[in-house]
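So the sequence shown is numbered by my numbering: it starts at 74 and just counts up by one.
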Amino acid sequence: STPNQAGSSVSSNAAIHQGLEAKLHQQPKPQDPHNNVPVIDLSLSNDDERLIQQIARACQDPGFFQVINHGISMELIQTFRRQCELYYDLPATLKQGWKRSKRNARGYFD
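In structure tokens form, the structure reads like this:
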């Protein structure tokens, strides 16, 4: 395996991404008692007010949630993840040029 800038190996990154890909294909059920992440199922809600309340509750506690049945293709999600991987594999010195600042809230942070 070839070391990258962070000192970890490409093969270990590949193994991590394979694990993430496998989990990506699993969709937890909203009533799953072993899943602590709130799940917002867009296919079940015809009531916008209820959906807003579910999202607001999830944002307050625990502060995040997973959306399922959103209609975004798996191909687009995988393309996005691959682009993220390419970005994260860039040398830190290059990413420092895009560092977050008071004027750039969307920049790189370490």
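The beta carbon of each residue, even a glycine, is placed where N, CA and C say it ideally should be. All values derive from a computational prediction rather than experimental measurement.
Worksheet item: Got a sec? Which residues, its chain only, sit under 8 Å from Cys132 by beta carbon, not counting five neighbours each side?
Response: Excluding five sequence positions before and after Cys132, the CB atoms of its chain that fall closer than 8 Å to its own CB belong to Phe138, given in chain order.
Discussion item. Looking at Ile141: is its Cβ nearer than 9 Å to the Cβ of Leu124?
Written reply: no
Worksheet entry | Coarse secondary structure for Ile128, derived from DSSP in three states | Note: Ile128 maps to helix in three-state DSSP.
Worksheet item: Is Gln126 buried or exposed, if buried means 16 or more other CB atoms sit within 10 Å of its CB?
Response: Burial call: exposed.
Fill in: Delimiting residues of the alpha helix (DSSP H) encompassing Ile141
From DSSP, Ile141 is part of no alpha helix (DSSP H) but of the beta strand (DSSP E) over 139-141.
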